[in-house]
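Numbering (our numbering), first residue to last: 1 to 148.
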């Protein structure tokens, strides 16, 4: 099972959770930002290109836990969540992150028999508002000193 996250042009590898058998994508985001991640490498022996894929809130044991679905080759959106079901991949974008988005989700792959899942652990934090103001001041020998 191989899944990857692409976030601001960086690809991060997942951590494997042996006790569940699922790959876990660890996603870190800041309030107000957008995140996009890719659920792929489904642990199935049959193809996944033509399957319906979806995002649900963990534990995803009932249809009511499903947030949004996307048919094969289609995109769909609901509120701040956008799905793009392209072949073996499910691209998920969540816009304008909120603290309440910090939770575990599951990317699901519909199939005959039990569905296949990839776990997503989304952690949203308040953005850092750290600004350093450097003021250059000339001192008596012609050099510069930095004040913060």
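For each residue, glycine too, the CB sits at the ideal point set by N, CA and C.
Name the one or two DSSP bridge partners that residue i has.
| i | result |
| --- | --- |
| residue 155 | Outside the displayed range of the chain (1 to 148) lies residue 155, so it cannot be described from this structure. |
| residue 109 | 53, 116 |
| residue 85 | 90 |
| residue 153 | As shown, the chain starts at 1 and ends at 148. That puts residue 153 outside it, with no answer to give. |
Using 9 Å as the threshold, is the C-beta distance between residue i and residue j below it?
| i | j | result |
| --- | --- | --- |
| residue 107 | residue 90 | yes |
| residue 76 | residue 69 | yes |
| residue 31 | residue 124 | yes |
| residue 176 | residue 111 | With the chain running from 1 to 148 in the structure shown, residue 176 is simply not present. |
| residue 116 | residue 42 | yes |
For residue i and residue j, what's the separation of their Cα atoms in angstroms?
| i | j | result |
| --- | --- | --- |
| residue 61 | residue 98 | 25 Å |
| residue 27 | residue 102 | 10 Å |
| residue 19 | residue 109 | For residue 19, the predicted structure reports a pLDDT of 29, less than 50, and the residue's modelled location is therefore unreliable. The matter cannot be settled from this model. |
| residue 93 | residue 65 | 18 Å |
| residue 85 | residue 48 | 10 Å |
| residue 29 | residue 46 | 33 Å |
| residue 55 | residue 126 | 24 Å |
Checklist line | Contained beta strand (DSSP E) runs [length at least 3] in the segment 37-72, N- to C-terminal order | finding: Segments of the beta strand (DSSP E) lying fully in the segment 37-72: 53-57, 66-70.
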